[in-house]
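Novice: Here you go, one structure.
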Amino acid sequence: GWHLGVAQWVLTPLPGRTGELSLVALLPALRRRLGLSAELQVVKAPARYGWGGLGGLGVPEPASSGLRAAPSRRECSGLVLLSSCHRATEQLQRFFTDARRRGQYPVTYRAVTVGVPAEAEGEVRTGLCWQQQGDTAMVVPVPAPGHRSLARKEVKNTLTRYRVLGAAGGCALLQLQPRTGECPPPTPPSPHQHGPNPRASPAFPEQLPVHLTLLLCPALGDHEHSSRVGRVLGVPFLLPPEATPTRTQVLDEELLCRLGLSPQQLRRLPLHLHLQQLVLP
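Just so we're aligned: the sequence shown equals residues 1 to 281 in UniProt numbering.
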């Protein structure tokens, strides 16, 4: 027999031991807790660090370029789809791939953002790649990737559909649906579209946080990419990644007060990005 399970994923690294706790590391203990004889496999999990398997899905990794990835400071929360049957795992992964090729959105996230998008709904389309910054590598957007960089898989085209579900106090609740795989034939860009049409592309680490910065609305608790959004007289603008080192997210006093946080506590604010829904066959 085989087992298929869905669980909620909220991973908080232990103080001083960032990176030692991951979903993959917890699988053996979870299998024993459930009394299963077969090993558990991750079918789907929040698209961030800490669960492994990204390279096997064709996602470019910094190690392949001799770069060192920055350690994960925050993990997404949300659903995790596990299977104890290799055949079921392959069938489900094939389902997700085929769904994306048909132009469907089988995975849905929700995010709380600092700032409200100018449009109530739309799409973010851009290339993403690893870029060396000091002794680490960061994911950065490539607005118009060349054919050679795409062919060498140095850059991946990415697409996220978004919709504003609510807004208050300068913050917003967004529905995010990243899509990968074959895209339909190019169509004239809509007024809500940011960037070129993508072609086939697997999910890319940090895709959603980076896309949110392109909307000038970083995720609440994003201490890695939010520094790329600057403000002058309250008006947001995008800064180049090379000019914006990683730092704790900066929030105004009013928002800090509503959150009940001091500036010293802000660095412990978790990333407000949640895998909310998976469509299953």
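Every residue, glycine too, gets a C-beta built ideally from N, C-alpha and C.
1. May I ask you to report which of helix, strand or coil DSSP gives E254?
2. Between the stretch 92 to 100 and the stretch 249 to 264, do at least 3 Cβ pairs fall closer than 8 Å?
3. If we count the other Cβ atoms within 10 Å of its Cβ and call it buried at 16 or more, is S84 buried or exposed?
4. Identify every residue that forms a DSSP beta bridge with Q175.
5. Would you mind listing the beta strand (DSSP E) stretches within the stretch 116 to 163 that are 3+ residues and don't spill past its ends, in chain order?
6. Just confirm the distance between the C-beta atoms of V139 and P205, as a whole number of angstroms; I'd bet it's less than 8 Å.
7. According to DSSP, is P236 helix, strand or coil?
8. In the structure shown, what three-state DSSP assignment does S227 receive?
9. Count Cβ pairs between the stretch 170 to 177 and the stretch 128 to 139 that sit closer than 8 Å; are there 3 or more?
10. On the three-state DSSP scale, how would you describe H272?
11. Between which residues of its own chain and C217 is the CB-CB distance below 6 Å, once the five residues before and five after are set aside?
12. I'd like to confirm the pairing. Which residues does DSSP put opposite A219 in its beta bridges?
13. Considering only residues of the same chain and omitting the five flanking positions on each side of F237, which have a CB-CB separation below 6 Å?
14. So what does V42 bridge to, in DSSP terms?
15. Could you tell me the alpha carbon to alpha carbon distance between P196 and P141, rounded to whole angstroms?
16. Among C76, S37 and A243, which one has its Cα closest to the Cα of Q207?
17. Grab the span of the alpha helix (DSSP H) containing P28 for me, first residue to last.
18. What three-state label does DSSP hand Q265 in the structure shown?
Specialist: This is what the structure holds:
1. helix
2. no
3. When all chains shown are included, S84 counts as buried.
4. R110 and R163
5. Whole beta strand (DSSP E) segments, 3+ residues: 121 to 133 and 136 to 142.
6. Sure, about 6 Å apart at Cβ, within 8 Å.
7. strand
8. helix
9. no
10. coil
11. Same-chain partners within the cutoff: T113, G115 and P117.
12. DSSP links A219 through a beta bridge to T113.
13. G230
14. In the DSSP assignment, V42 forms a beta bridge with L82.
15. Note that P196 scores 41 on pLDDT, short of 50, meaning its location in the model is unreliable and no value can be drawn from it.
16. C76
17. L23 to L34
18. coil
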